[in-house]
Every structure is written in structure tokens, then in C-alpha cells.
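So for the sequence shown, this note's numbering puts the first residue at 47; every next one is plus one. Ideal Cβ positions, reconstructed from N, Cα and C, are used throughout, including at glycine. Below is one structure; the comments refer to it alone.
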Amino acid sequence: MMHSSWIQGDYEVTTDPSRIDIVVVHGFLFDSYWAKGIPRETVENSIRNSLCFGVYRGKEQAGFARVITDHTTYAYLADVFILPEYRGRGLSKWMMECIVAHPDLQGLRRWMLATRDAHKLYKRFGFRPLAAPDRWMERHDPDVYARKPGP
Ligand SMILES: CC(C)(COP(=O)(O)OP(=O)(O)OC[C@H]1O[C@@H](n2cnc3c(N)ncnc32)[C@H](O)[C@@H]1OP(=O)(O)O)[C@@H](O)C(=O)NCCC(=O)NCCS
47 MMHSSWIQGD
57 YEVTTDPSRI
67 DIVVVHGFLF
77 DSYWAKGIPR
87 ETVENSIRNS
97 LCFGVYRGKE
107 QAGFARVITD
117 HTTYAYLADV
127 FILPEYRGRG
137 LSKWMMECIV
147 AHPDLQGLRR
157 WMLATRDAHK
167 LYKRFGFRPL
177 AAPDRWMERH
187 DPDVYARKPG
197 P
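The following block contains the structure:
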């Protein structure tokens with residue numbers, strides 16, 4: 047499996063899953079507003095079955111994003127974060143540039159994501175509110191992790 051990497055100064059974005067610090071990623075997602083209480087094993091399984099992007103300074107995980115995709119027609123962008131101590135220096139914008147430039151994610155018919163307040167970040171990469179929300183349906187179970195035993 048070929049991994050993609052991009053380097054800028056002290057930072058690296060890479061899709062190499064062996065670089066992911068699962069304690070850091072699980073720790074952030076466990077406290078996040080969208081995946082509160084997510085079990086460690088659920089995070090591990092989701093990473094194994096996704097195309098993941100990590101931002102690193104040396105070995106230190108600074109950020110993360112997960113793309114759920116068939117690498118051909120569709121991608122769903124999820125679990126995007128930059129750790130608080132690394133925010134405000136353009137890392138999420140750079141990670142987004144790397145994501146949309148990834149060779150396996152070209153020519154897709156659709157990208158999707160959901161966000162509470164980061165619309166402006168995604169807008170610059172071409173994301174727009176649903177043009178026809180009446181055509182979309184979802185099965186949403188926001189409390190699913192609360193019903194499972196924690197880590
Ligand atoms: C959102 C987040 C990833 C931004 O990371 P960052 O590296 O600090 O952001 P950058 O320095 O690359 O700048 C992001 C740009 O998006 C904008 N932005 C839009 N929504 C934002 C938000 N909710 N938080 C921070 N910046 C946001 C910023 O203003 C900035 O634009 P500007 O350069 O024109 O001012 C980071 O604040 C984070 O991890 N937040 C908590 C988790 C989260 O909400 N993730 C997104 C889930 S959809």
C-alpha cells in the first residue's frame with residue numbers, strides 16, 4: 047500500500063496509518079461533540095476501514111481527518127480536528143488541501159460532510175450547503191456510543 051505524504055517546515059501530513067497515535071485520536075474523539083464517548087475499538091475499526099490523514103510534528107500527532115470512500119465515486123469527510131495547541135496556524139487548511147489533492151480522491155461525483163460551526167473552513171474547498179435537502183435522508187443515532195460500554 048502506497049502512502050502519500052506532504053511536508054511543510056516542521057510539519058508532515060501523511061496517510062500512513064502506522065503513524066497514527068491512537069491514544070491521541072481516541073482521546074480527542076471521545077470528548078468531541080460529534081462522537082462523544084466513542085469506544086476505542088470503534089475508533090480503531092473506523093480507521094482500519096478508512097483513508098486517514100494525520101498531521102504530525104515529528105512523532106507528535108497534531109491533527110487528524112478520516113475519509114470514508116470507495117476511492118472512485120464518493121467520499122465522506124469525518125473526524126476532522128487539530129489539537130488545541132496546534133490551532134490557528136493554518137494546519138487544518140493545509141490538511142484539507144492534501145485531502146482534496148490525494149490521487150485516490152480525484153474525479154469523485156460527490157463529497158459530503160457534516161459540521162456544527164466550521165462551514166467557512168470547508169467552503170474554501172468547494173463544499174456548499176445541500177442544494178436539495180429534500181432529496182436527502184439519513185438514519186442518525188447520536189446516542190449510539192452512550193449505550194455501549196466505554197473504553
Ligand atoms: C476547526 C479546526 C480543525 C481548525 O483548525 P486550525 O488549524 O486551527 O485552523 P486553520 O488555522 O487552518 O484556519 C481555519 C480557517 O477556517 C476558519 N474556521 C471556520 N470555522 C472554524 C472553526 N469552527 N474553528 C476554527 N476555525 C474555523 C478559520 O477562521 C480559518 O480561516 P481564516 O484563515 O480565513 O481565518 C480546529 O479548530 C478544531 O480542531 N476544532 C475542534 C474540532 C472541530 O470542530 N473540528 C471540525 C469538525 S467539522
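Beta-bridge analysis with DSSP links M48 to no other residue. One thing to note: T60 has its Cβ no nearer than 9 Å to the Cβ of F110. Shortest gap from the CB of H186 to any heavy atom of ligand 1: 8 Å or more. Across the structure, V126 and V146 are spaced so that their CA atoms are roughly 14 Å apart. Below 8 Å, too few C-beta pairs join the region 80-88 and the region 112-120 to call them touching: fewer than three.
Rounded to the nearest angstrom, the gap between the Cα atoms of E131 and S96 is 26 Å. At the C-beta level, D62 and H72 stay beyond 9 Å of one another.
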